[in-house]
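K.L.:
Okay, here's the structure, questions in a sec.
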Amino acid sequence: NNPISGMTIATLMGTCLIFIAVNWTGHFYEPMALVVGGMICIGAANAGATSQDLKTGYIVGATPKYQQLALFVGAIVSSIAIGATIKILDQPTAEMAAQGIQHAIGTDKYPAPQGTLMATLVKGILSFNLDWQFVLVGMFIAIVMELCGIKALSFAIGIYLPLSTTLPIFIGGAIRGIVEWRQKQKKIVVAAEEEDLGKGNLFATGLVAGGALAGVLVALLSSIDSVSSKLGAWNAEHRLTERLGTEGYKWLGVILFAVMGIILYRIAMKPSQHTGH
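All residue numbers for the sequence shown refer to the numbering used here, where the first residue is 8 and numbers rise by one.
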């Protein structure tokens, strides 16, 4: 569990409150608060990635020295890639341009819900126009949920992320719950240290990696006008919609998603050489 967004939001709120205490308010200090939040965000992300990589390396028997060298290379390469990505995504809409906004990330095509939330917090706190009653209500709801044994962070992420993002996460969790329930019924015992090496987890990890790489590749190609027009010509959505209809096209996506879920379930239920009865 590495809640980078949660830690960044908490850092931004704390930083803005400190700024208010020393009378640093207004638009001039908003970028300074973002710099502090960005430093904490990068530090938390690198710390989480390092710990996860070293843990994974321990499981598969990797050498920590070479892992750490690879992490340094990854930090340098990712810095260049992130800078280029931000440059590409820095495309304000026509409405923003009319308001005199020259730089903005987060449009209908490339939404940025976390960034929008953080910007709203910084602007609201430093401009003294934040509806604190909603923030306080959310804090007390989170406390009550934690006391009830419910992870407040997961609940909050489900609220501010779009349904198109959270629904697949929920379905994946439901599939895992069904797999664990079936394993208990069949009295299949999986050692705790071997759980992360299960076929279902490895297959799901591949889905995450493949989806991330495909998303980055498509977004990069879509940002190039000449390539984007060619991608539009290859898009089969219009032809499928004409043949299947709008509802039929949507059901085709649901069926393909269901097939992938069934494949994930069947792979997760296959006994591993590390499991026993």
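Cβ coordinates follow ideal geometry from the N, Cα and C atoms, glycine included.
#1: By the 10 Å Cβ neighbour count, where 16 or more other Cβ atoms means buried, how is I89 classified, buried or exposed?
#2: Report the residue from Q106, A101 and L133 whose alpha carbon sits nearest the alpha carbon of T22.
#3: Which residue wins for smallest C-alpha separation from G218, given the options V234, P175, I112 and G180?
#4: Count Cβ pairs between the stretch 116-129 and the stretch 248-266 that sit closer than 8 Å; are there 3 or more?
#5: With a cut-off of 8 Å on the beta carbons, I'd call C48 and T15 a contact; round off their distance for me.
#6: For G44, count neighbouring Cβ atoms within 10 angstroms of its own Cβ and tell me buried if that reaches 16, exposed if not.
#7: For the structure I just gave you, are there three or more beta carbon pairs, one from the stretch 135-149 and one from the stretch 52-62, closer than 8 Å?
#8: Answer with buried or exposed for T18, where buried requires no fewer than 16 other C-beta atoms within 10 angstroms of its C-beta.
#9: Does the Cβ-Cβ distance between L137 and I112 come in under 7 Å?
#10: Should A40 go down as buried or exposed, given a rule of 16 or more other Cβ atoms within 10 Å for buried?
#11: Between the alpha carbons of N53 and G64, how many angstroms are there, rounded?
#12: With DSSP collapsed to three states, give me the class of V196.
#13: What residue range does the alpha helix (DSSP H) around I1 cover?
#14: With distances taken between CB atoms, is the gap from D182 to Y272 smaller than 7 Å?
#15: Helix or strand or just coil, what does DSSP make of H245?
#16: Whole angstroms is fine: what's the gap from I87's alpha carbon to G184's?
#17: At which residues does the alpha helix (DSSP H) containing T92 begin and terminate?
#18: Could you give the DSSP three-state label for F35: helix, strand or coil?
#19: Counting C-beta neighbours from all protein chains within 10 Å, is the total for G213 16 or more, i.e. buried, or is it exposed?
#20: Please tell me whether T173 and G165 are closer than 7 Å, where the distance is taken between their beta carbons.
#21: Classify S134 as helix, strand or coil using the three-state DSSP reduction.
#22: Classify I275 as buried or exposed, calling it buried when 16 or more other Cβ atoms lie within 10 Å of its own Cβ.
#23: Figure out for me which residue from A240, N208, A211 and I178 has the closest Cα to the Cα of A265.
P.N.:
Here's the rundown:
#1: exposed
#2: L133
#3: Comparing alpha carbon positions, the residue from V234, P175, I112 and G180 closest to G218 is P175.
#4: no
#5: At roughly 4 Å, the Cβ-Cβ gap stays under 8 Å, so C48 and T15 are in contact.
#6: buried
#7: The stretch 135-149 makes no contact with the stretch 52-62; the number of CB pairs closer than 8 Å stays below 3.
#8: buried
#9: No.
#10: buried
#11: 16 Å
#12: strand
#13: Absent from the model: residue 1. The displayed extent of the chain is 8 to 284, so no value can be given.
#14: Note on identity: in this sequence residue 182 is Ile, with Asp being the wrong assignment. Yes, these two residues count as a Cβ contact at 7 Å.
#15: helix
#16: 40 Å
#17: P71 to L96
#18: helix
#19: exposed
#20: yes
#21: coil
#22: Note that residue 275 is Ala in the sequence shown here, rather than Ile. A275 is buried by the Cβ-count criterion.
#23: I178
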